[in-house]
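What follows is a set of notes on a single structure, which appears directly below.
Okay, here's the thing in structure tokens:
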């Protein structure tokens, strides 16, 4: 008779369909079957209430930690309501005003940003204020966190690492003269067309995502049998810097950044990560996800799932945390080896 093998510890990652946004619930179980739930982003303001039933049904008894990856509305908007309802033990959020007063940042922004971008920045600060206000009402402390080799949290055999942003990257984006101009960028169709005319692949034109996206808090979750990377909207610089701190190769699950945008990954990064499973939170537009990104993931061996295709309210990945009422979802069909249509 073979020796008894202890079952691998329980964990799950649930990506909730909040359309153009991110809301991810990670559950970790320790040796005594005590649960920790990481609430990573909460979709737009009107989507936070969509996340709450899952927390109340499946995570009510668990300790809770909230992570706001960055201040874009489709990630942070629903978190104030979630914090108020769940009363987490801790909140992680990198507000640049922890390190420099708002007046100084806005003064620079007036010089470096267009009017529309300045208003976007003011709105981002208001959303972060909403998170801080909700946390203070509990009261729960709000912590900043930057990439490092040691875990920021340990739960049983599970270690949670921040692998982005680095302090240097955050300083480059927020506190270096002239760099606020890169805080926001747009992947225009004109830029896509120029890339096509140049003969380069859509995801290998060398153009990275915006500074705001690239300073997302990125988390690596490691434990027996699992290696999970959650990215927010982190881009190529962020992922490469994260890999310099912790080995990000051969993931079991990859949260594809920025809803599958071409500006956040390239061929070299996907060949490094080689995730067994890739999850994309996406509304299903031509840009999100780019079919070129889906196909490249499939080429490196990933089984790809997207909220825009599953026709379910969530996508659920687990180890020893089965939910009997959940049904199997279908992966993205293979896009094959042939060139994609030009609009993809």
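Numbering (the working numbering), first residue to last: 1 to 344. No residue lacks a Cβ here, since even glycine has one placed at the ideal position from N, Cα and C. Because the structure is a prediction, the values reported are computed rather than measured.
Among the options, which residue has its Cα nearest to the Cα of residue i?
{"i": "residue 251", "options": "281, 39, 213 and 302", "result": "302"}
{"i": "residue 279", "options": "243, 257 and 299", "result": "257"}
{"i": "residue 106", "options": "91, 148 and 177", "result": "177"}
{"i": "residue 70", "options": "23, 260 and 10", "result": "23"}
{"i": "residue 311", "options": "155, 300 and 326", "result": "326"}
{"i": "residue 121", "options": "238, 309, 183 and 9", "result": "183"}
{"i": "residue 94", "options": "181, 166, 309 and 240", "result": "166"}
{"i": "residue 15", "options": "56, 129, 115 and 254", "result": "254"}
{"i": "residue 89", "options": "96, 139 and 295", "result": "139"}
{"i": "residue 36", "options": "53, 60, 20 and 50", "result": "60"}
{"i": "residue 269", "options": "115, 299 and 103", "result": "299"}
Counting along the chain, where does the alpha helix (DSSP H) carrying residue i start and finish?
{"i": "residue 104", "result": "102-112"}
{"i": "residue 50", "result": "48-58"}
{"i": "residue 309", "result": "307-310"}
{"i": "residue 273", "result": "267-273"}
{"i": "residue 293", "result": "291-299"}
{"i": "residue 86", "result": "79-86"}
{"i": "residue 217", "result": "Where residue 217 is concerned, there is no enclosing alpha helix (DSSP H), given that its DSSP letter is neither H nor E."}
{"i": "residue 74", "result": "73-76"}
Consult DSSP for residue i and reduce its assignment to one of helix, strand or coil.
{"i": "residue 115", "result": "helix"}
{"i": "residue 211", "result": "helix"}
{"i": "residue 30", "result": "coil"}
{"i": "residue 121", "result": "helix"}
{"i": "residue 167", "result": "helix"}
{"i": "residue 325", "result": "coil"}
{"i": "residue 223", "result": "strand"}
{"i": "residue 39", "result": "strand"}
{"i": "residue 255", "result": "strand"}
{"i": "residue 4", "result": "Note that residue 4 scores 49 on pLDDT, short of 50, meaning its location in the model is unreliable and no value can be drawn from it."}
{"i": "residue 62", "result": "coil"}
{"i": "residue 160", "result": "strand"}
{"i": "residue 239", "result": "helix"}
{"i": "residue 155", "result": "strand"}
{"i": "residue 24", "result": "strand"}
May I have the straight-line CA-CA distance separating residue i from residue j, to the nearest angstrom?
{"i": "residue 81", "j": "residue 48", "result": "6 angstroms"}
{"i": "residue 41", "j": "residue 134", "result": "14 angstroms"}
{"i": "residue 208", "j": "residue 34", "result": "40 angstroms"}
{"i": "residue 46", "j": "residue 85", "result": "15 angstroms"}
{"i": "residue 185", "j": "residue 277", "result": "29 angstroms"}
{"i": "residue 225", "j": "residue 218", "result": "20 angstroms"}
{"i": "residue 285", "j": "residue 125", "result": "28 angstroms"}
{"i": "residue 265", "j": "residue 234", "result": "9 angstroms"}
{"i": "residue 75", "j": "residue 21", "result": "6 angstroms"}
Which whole-angstrom value describes the C-beta separation of residue i and residue j, a residue pair presumed to lie in contact below a C-beta threshold of 8 angstroms?
{"i": "residue 79", "j": "residue 131", "result": "5 angstroms"}
{"i": "residue 26", "j": "residue 221", "result": "7 angstroms"}
{"i": "residue 246", "j": "residue 163", "result": "5 angstroms"}
What span of residues does the beta strand (DSSP E) with residue i cover, start to end?
{"i": "residue 317", "result": "314-319"}
{"i": "residue 94", "result": "Segment: none, residue 94 is in no beta strand (DSSP E) and carries neither H nor E."}
{"i": "residue 330", "result": "No beta strand (DSSP E) contains residue 330, which DSSP labels as neither H nor E."}
{"i": "residue 14", "result": "11-16"}
{"i": "residue 280", "result": "277-280"}
{"i": "residue 183", "result": "Careful: residue 183 lies outside any beta strand (DSSP E) and carries neither H nor E."}
Quick check on residue i - is its C-beta less than 9 angstroms from some C-beta in chain C?
{"i": "residue 209", "result": "The displayed structure is made up of one protein chain only, and chain C is not part of it."}
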